[in-house]
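Beneath this line is the structure, given in structure tokens, with notes to follow.
Residue numbers (UniProt numbering): 1 to 420.
Dropping the structure here:
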């Protein structure tokens, strides 16, 4: 294939799975395998797993879409289209067999022969995207689509091909299960994951040390065996091979490496600052919220019970405390906190001064404080202390949820402090 005749195609896929069956990553891998089989000299330049807005109404599980760049000879575009159509017809047949669901799958494959606007990605990772305007953009940009009656997958698929990786992008190796064991318990021990991270220090966020369990294996009956995250493509391949020689890990013969936007914070804005203006409230489920004044506006901060350290820190706040936070703005305007920092605290009243082992008492309006035991007197005052948050896990004064309760997109404090 000469450079003059080569054609770089960007393909994106979303919305093929169901809460109880299927997986978009597995479906996409089957498409890639078919294209490499049917088209001589085709090359996969890179594959990507792109996480999108966590509040999307039609999200399933991790709310991720898939993309790849494939180089083929321009004369093979007909075979490429025919292979995609054949594969997609099979996907529609599979989807028709899915159990009833409130959010039925709406698979769409988007293909572009050139770069597409990066704004498609940023709009989709940071907020709601209406379907019709996006369809109009995709069509006007020269992309072609394969879809059934429902077109919602076009939003994620177009965002996936619009994402631009950078030097801070992470990697995930996804290994799939053999067909005969899908639905049966996975064999991936917590000890194997613990030792894998120790033996492969370039991997990260594959285990929750606070819970003593691995995070790489799904808990749903999907085809994925595990996904290993790391700083480089080489590190996740090395870790996968390390896992596959162990007797306490299930065998996998099909796997692929993806560049990802995970741990990027792309779904969030910049760090916000404010002053607490009411006492924290606890709601049903042990969730907590507090109001702050920020840039002249009243803002609600919400910390869910699953937020662990963030939830505990929010409950310690008092009126007048200065805080900084990062969070996702919910449809109701509240910030769902992902990180929280107490910048400056107001004094906490501990009581009256002590004398003879007891609190001194007021002698009356305008009178000094007096010890009822020895008669000593002192000025009227309250004793205060600084707030004690030493029992709340933090990194450089920032708190975050435990690894098992973070979003795929959230950047761990170990990889950098907010604003840096």
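Don't be surprised by glycine CBs; every beta carbon is placed ideally from N, CA and C.
In the three-state DSSP reduction, residue 77 falls in the helix class (H, G or I). Close CB contacts of residue 225 within its chain, under the 8 Å cut and outside five residues either way in sequence, are with 175, 176, 177, 186, 188, 217, 250, 252 (chain order). Secondary-structure assignment with DSSP links residue 356 through no beta bridge to anything. Rounded to whole angstroms, the separation of the alpha carbons of residue 165 and residue 397 is 30 Å. Taking 8 Å as the cut-off, the beta carbon of residue 157 is found no closer than this to the beta carbon of residue 317. Taken through DSSP and simplified to helix, strand or coil, residue 69 comes out as strand. Counting along the chain, no beta strand (DSSP E) covers residue 249, and no H or E run does either. DSSP, reduced to helix, strand and coil, places residue 310 within a helical segment of the structure shown.
Exposed is the label assigned to residue 420, since fewer than 16 other Cβ atoms lie within 10 Å of its Cβ.
Taking residue 120 as the centre and dropping the five residues before and after it, the same chain places the C-beta of 158, 159, 162 closer than 6 Å to its C-beta, in chain order. Put simply, the region 233-242 does not touch the region 24-31. Fewer than three CB pairs are less than 8 Å apart. In the three-state DSSP reduction, residue 41 falls in the coil class, being neither helix nor strand. In the assembly as shown, residue 214 is a buried residue. Its beta-carbon has 16 or more other beta-carbons within 10 Å. Excluding its 5 nearest sequence neighbours in each direction, residue 282 has C-beta neighbours in its own chain below 8 Å: 288, 315, listed in chain order. Within the region 278-331, the complete alpha helix (DSSP H) segments at least 4 residues long are 309-316, listed from N- to C-terminus. Excluding sequence positions up to five before and after residue 106, its CB lies within less than 6 Å of the CB of 15, 150, 152, 153, all in the same chain and listed in chain order. In the DSSP assignment, residue 191 falls within the alpha helix (DSSP H) that extends over 190-199. Contact check for residue 399 against residue 393 passes: the beta carbons are separated by less than 8 Å.
Residue 88 sits in a helix when the DSSP states are folded into three classes. Between residue 80 and residue 32, the C-beta gap is not smaller than 8 Å, which leaves the two residues out of contact. Of all C-beta pairs linking the region 97-116 to the region 41-48, fewer than three are shorter than 8 Å, placing the two stretches out of contact.
Taking 8 Å as the cut-off, the beta carbon of residue 62 is found closer than this to the beta carbon of residue 408. Taken in chain order, the whole beta strand (DSSP E) runs of length 3 or more contained in the region 94-129 are 108-112. By the neighbour-count criterion, in which a residue is buried when 16 or more other Cβ atoms sit within 10 angstroms of its Cβ, residue 354 is exposed.
Secondary structure at residue 203: strand, using DSSP grouped into helix, strand and coil.
Per DSSP, the beta bridge partners of residue 341 are 324, 398. The three-state reading of DSSP puts residue 264 in coil, since its state is none of H, G, I, E or B. Taking the Cα positions, residue 309 is about 19 Å away from residue 263.
At the C-beta level, residue 373 and residue 358 come within 8 Å of one another. Under the three-state reduction of DSSP, residue 30 is assigned to helix.
Boundaries of the beta strand (DSSP E) harbouring residue 173: 170-176, taken from the DSSP string. The C-alpha of residue 331 lies about 13 Å from the C-alpha of residue 299. According to DSSP, residue pairing for residue 364 in a beta bridge does not occur. Within the same chain, 173, 175, 228, 255 come within 7 Å of residue 240 by CB-CB distance, once the 5 residues on both sides are set aside. In this structure residue 260 does not touch residue 322 by the C-beta definition: roughly 35 Å separates them, more than the 8 Å allowed.
When the five nearest sequence neighbours on each side are left out, the beta carbons in the same chain lying within less than 7 Å of the beta carbon of residue 405 are those of 306, 307, 308, in order along the chain.
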